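J.:
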Amino acid sequence: MLCEQCHTRPATVHFTKIVGGDKTEYHLCETCAKEKGNVFAKAAQAFDFNHLLSGLLNMESSPGFAAPQPTSQRCDVCGLSYNQFTQTGRFGCPHCYDSFSSRLEPLLRRIQNNGQHSGKVPGKAGEQVIRKKTLDHLRAELQQAVAAEQFERAAELRDEIRALEQSLGQ
Amino acid sequence: MSLQDFLQRATTKWMKDSGPDDDIALTSRIRIARNIEDVPFPMLQTDSHANAVIEQVERAVNSPKVTAAGRFEILRIADMSALDRQVLVEKHLISRDLAEEVRHGAVALRSDEVVNVMINEEDHMRIQCLMPGLRLEEAWAVANQLDDALEEQIPYAFHDRYGYLTACPTNVGTGIRASVMLHLPGLVLSGQINRLLSAVSQVGLTVRGMYGEGSESAGNLFQVSNQVTLGETEEEIIGNLDSVVHQLIDHERSARRVLVQENRDGLEDRVSRSFGILAYARRMDSKETLQRLSDVRLGIDLGMITGVSAGILKELIVMTQPAFLQKYYNQELPPAERDLRRATLIRERLRLDDTEVQ
Ligand SMILES: [Zn+2]
Ligand SMILES: [Zn+2]
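Protein sequence lines, in the order shown, are assigned to chains W and H. Letter by letter, the first sequence follows residues 1 to 170 in our numbering. Letter by letter, the second sequence follows residues 1 to 358 in our numbering.
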């Protein structure tokens, strides 16, 4: 569920505010919850103090609110922070795997046998994967050719790489 | 509607049909998690993302390659009554989590109910195939074929290193969860169950009680499944589970032989007593129902009770769950009332068969 305030970050803080018998549920991200928290603290003096207090206590007991880490690393596609991932155990989008790859490796070693997929490969994506691997291979070969001053071979490799890059849409 | 008609309509294939080793392995299930490229996972979905995912799956299941094997119907969780959602959970067709996903959840159900796709649960798609007996490879073949056909229409999120990308890294790679539901009364009665279950968890598998926790599982029903999804092929994962399940089945069979040799009278008394209670009691709670049904099924397997269909365990486990019971009686029933109706339903069901207790 997305934060109902900013609609960009996942809602990790959930609480209910009751004022004069009107119940309102809030599903917010840590940032928005903190902002709301201040507003509520002021409003609390003017309105229904006890109910609001219980709402604030709930907020504080939420792990997302208790330990905000503004410096936490984020996925540049979906905006999920690593901190939010550790709270929910779930990633926000497929790109998170690349965004957090350095921290993912030790985690995968703990929960999975091995870090390299060896099962089924989808037809279309599989083609892409194979082309990318070939591309990596050709680039390495090109560097070697240049280093060994085999310029004719290097020119051939460069043309092959260009053609492949175009077919991959890069 | 008569009970017979209701059973005909309400029961699903895995409850009725039989399969290899199905005296012990009641069902085999394959579930594969798939997500769509460049779309946030359900946790971060907006309404429009969620609708787009449902529409994409709907288009894909209506493609000729998919419909060749059977027709699918898309049902949104929001459009179902709470009771109908619960019935699908009790039939093991959707998960409890999906039933609660009222805003974005949906399911693509194939008319034969053998295979379906849960939409916008933890992942965009979870393809599930459920079969009676020990038939993991067959279930994988069906799920895999549907996956291939869907993949022609839907661009999957796939990574050259991590494989199929899933919301939770415990499913990444193959995205596969293979599981078998086992009825193990012999191992429970002979006190060997805990030792075996801890041995199983040492070889990369997970065991849990189907109804209740650990070895306290009511009805002696256990679900064994793979834990690791990355770094092994689907065939290796399924093969490993299959071979461990075969060993568990062998242990269960020999435990039953020993029980009969050592204490035939005691065992006969136990299964007949449970049969008597099921056949005549006027009030049954769900826990006792599961225990008695387990005894009766054991009695059928050992030839101590004849004339009762062996499928009665699977059938009545589902039929006596709260939502099914209310569906059959077509009304909301408070728990105390359910116990009365449950007992009535069991008595009626037993009288459909030509029962003899020896
Ligand atoms: Zn927010
Ligand atoms: Zn992301």
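From the three backbone atoms N, C-alpha and C, an ideal C-beta is built for every residue, glycine too. Please read these numbers as outputs of a predicted model, since none were measured by experiment.
Taking only beta carbons into account, state which residues of the segment 104 to 117 of chain W come closer than 8 Å to chain H, listed in chain order.
T.: Leu104, Leu107, Leu108, Ile111, Gln112, Asn113, Asn114, Gly115, Gln116 and His117
J.: Pro40 of chain H CB to nearest chain W CB: under 7 Å?
T.: Stepping through the second sequence from its first residue, residue 40 of chain H is reached at position 40. Judged by the 7 Å Cβ criterion, Pro40 of chain H is in contact with chain W.
J.: With 16 as the cutoff for other CB atoms within 10 Å, does Glu4 of chain W come out buried or exposed?
T.: If you number the first sequence from 1, residue 4 of chain W lands on position 4. Flag for Glu4 of chain W reads exposed.
J.: Which residues mark the beginning and the end of the beta strand (DSSP E) in which Phe222 of chain H is found?
T.: Numbered from its first residue, the second sequence carries residue 222 of chain H at position 222. First-last of the beta strand (DSSP E) with Phe222 of chain H: Leu221 to Asn226.
J.: Could you check what DSSP says for Ala364 of chain H in three-state terms: helix, strand or coil?
T.: Only positions 1 to 358 of chain H appear in this structure, which leaves residue 364 of chain H out of reach.
J.: With a cut-off of 7 Å, does the C-beta of Lys120 of chain W fall near any C-beta of chain H?
T.: Residue mapping note: residue 120 of chain W aligns to position 120 of the first sequence, counting from 1. Yes, contact with chain H.
J.: Roughly how many angstroms lie between the CA atoms of Gly303 of chain H and Gln227 of chain H, to the nearest whole one?
T.: As a position in the second sequence, residue 303 of chain H is number 303, starting the count at 1. As a position in the second sequence, residue 227 of chain H is number 227, starting the count at 1. Computed Cα separation, rounded: 36 Å.
J.: Determine the closest residue to Ser118 of chain W out of H:Glu232, H:Ile119 and H:Tyr156, with distance taken between C-alpha atoms.
T.: As a first step, residue 118 of chain W is located in the first sequence; it is residue number 118 there, counting from the start. The residue with the shortest Cα to Cα distance from Ser118 of chain W is H:Glu232.
J.: Suppose only complete runs of 3+ residues qualify. What are the beta strand (DSSP E) ranges in the segment 57 to 99 of chain H, listed by chain order?
T.: 72 to 76
J.: Does Met43 of chain H come out as helix, strand or coil in the three-state DSSP assignment?
T.: Residue mapping note: residue 43 of chain H aligns to position 43 of the second sequence, counting from 1. Met43 of chain H falls in the helix class under three-state DSSP.
J.: Closest by CA to Ile127 of chain H, which one among H:Asp147, H:Leu26, H:Ser272 and H:Gln4?
T.: Start at 1 with the first residue of the second sequence, and residue 127 of chain H comes out as number 127. The candidate whose alpha carbon is nearest that of Ile127 of chain H is H:Asp147.
J.: So Leu259 of chain H and Leu316 of chain H are supposed to be a Cβ contact under 8 Å. How far apart are they, rounded?
T.: In the second sequence, residue 259 of chain H corresponds to position 259, counting from 1. In the second sequence, residue 316 of chain H corresponds to position 316, counting from 1. About 23 Å; that fails the 8 Å criterion.
J.: Within 7 Å of any Cβ in chain H, is that where the Cβ of Phe100 of chain W sits?
T.: For the purposes of this step, residue 100 of chain W is taken as the residue at position 100 of the first sequence. No, because no Cβ of chain H sits closer than 7 Å to the Cβ of Phe100 of chain W.
J.: Run down chain W in chain order and give the residues with a C-beta less than 9 Å from the C-beta of Glu234 of chain H.
T.: The count along the second sequence starts at 1 and reaches residue 234 of chain H at position 234. Under the 9 Å cutoff, chain W gives Gly119 and Lys120.
J.: Is there a C-beta anywhere in chain H that falls below 7 Å from the one on Tyr97 of chain W?
T.: Position 97 of the first sequence holds residue 97 of chain W. By this cut-off, Tyr97 of chain W is an interface position.
J.: Are the CB atoms of Val318 of chain H and Asp353 of chain H nearer to each other than 7 Å?
T.: Residue mapping note: residue 318 of chain H aligns to position 318 of the second sequence, counting from 1. Residue mapping note: residue 353 of chain H aligns to position 353 of the second sequence, counting from 1. Not closer than 7 Å, so no.
J.: Using a beta-carbon distance below 7 Å, is Glu337 of chain H in contact with chain W?
T.: Here residue 337 of chain H refers to the residue found at position 337 when the second sequence is read from its first residue. Closer than 7 Å: no.
J.: Specify the secondary structure class of Ser81 of chain W as computed by DSSP and reduced to three states.
T.: As a position in the first sequence, residue 81 of chain W is number 81, starting the count at 1. Note: Ser81 of chain W maps to strand in three-state DSSP.
J.: Take Leu298 of chain H and list the residues in its own chain whose beta-carbon comes closer than 7 Å to its own, dropping the five residues that flank it on each side.
T.: On the second sequence, residue 298 of chain H is found 298 positions in, with the first residue counted as 1. Only Pro185 and Val271 meet the Cβ criterion.
J.: Hey, could you find the ends of the alpha helix (DSSP H) Gln166 of chain W is sitting in?
T.: Locating residue 166 of chain W in the first sequence gives position 166, where the first residue counts as 1. That run of the alpha helix (DSSP H) goes Phe151 to Ser167.
J.: Looking at Leu104 of chain W and ligand 2, is the gap between the Cβ and the nearest heavy atom below 6 Å?
T.: To locate residue 104 of chain W, count along the first sequence from 1; it is residue 104. It does not: the Cβ of Leu104 of chain W is nowhere closer than 6 Å to a heavy atom of ligand 2.
J.: Are the Cβ atoms of Pro10 of chain W and Leu44 of chain H separated by less than 7 Å?
T.: Working through the first sequence from its first residue, we reach residue 10 of chain W at position 10. Working through the second sequence from its first residue, we reach residue 44 of chain H at position 44. Contact flag set, yes.
J.: Going straight from the alpha carbon of Val245 of chain H to that of Val224 of chain H, what length do you get?
T.: For the purposes of this step, residue 245 of chain H is identified with residue 245 of the second sequence, where counting begins at 1. For the purposes of this step, residue 224 of chain H is identified with residue 224 of the second sequence, where counting begins at 1. About 8 Å.
J.: Apart from the five residues on each side of it in sequence, which residues of its chain come closer than 8 Å, Cβ to Cβ, to Ala155 of chain W?
T.: Here the question's residue 155 of chain W lines up with position 155 in the first sequence. Answer for Ala155 of chain W: no residue qualifies.
J.: Where are the alpha helix (DSSP H) runs, 4 residues long or more, that stay fully inside the segment 222 to 286 of chain H, in chain order?
T.: Taken in chain order, the whole alpha helix (DSSP H) runs of length 4 or more contained in the segment 222 to 286 of chain H are 234 to 280.
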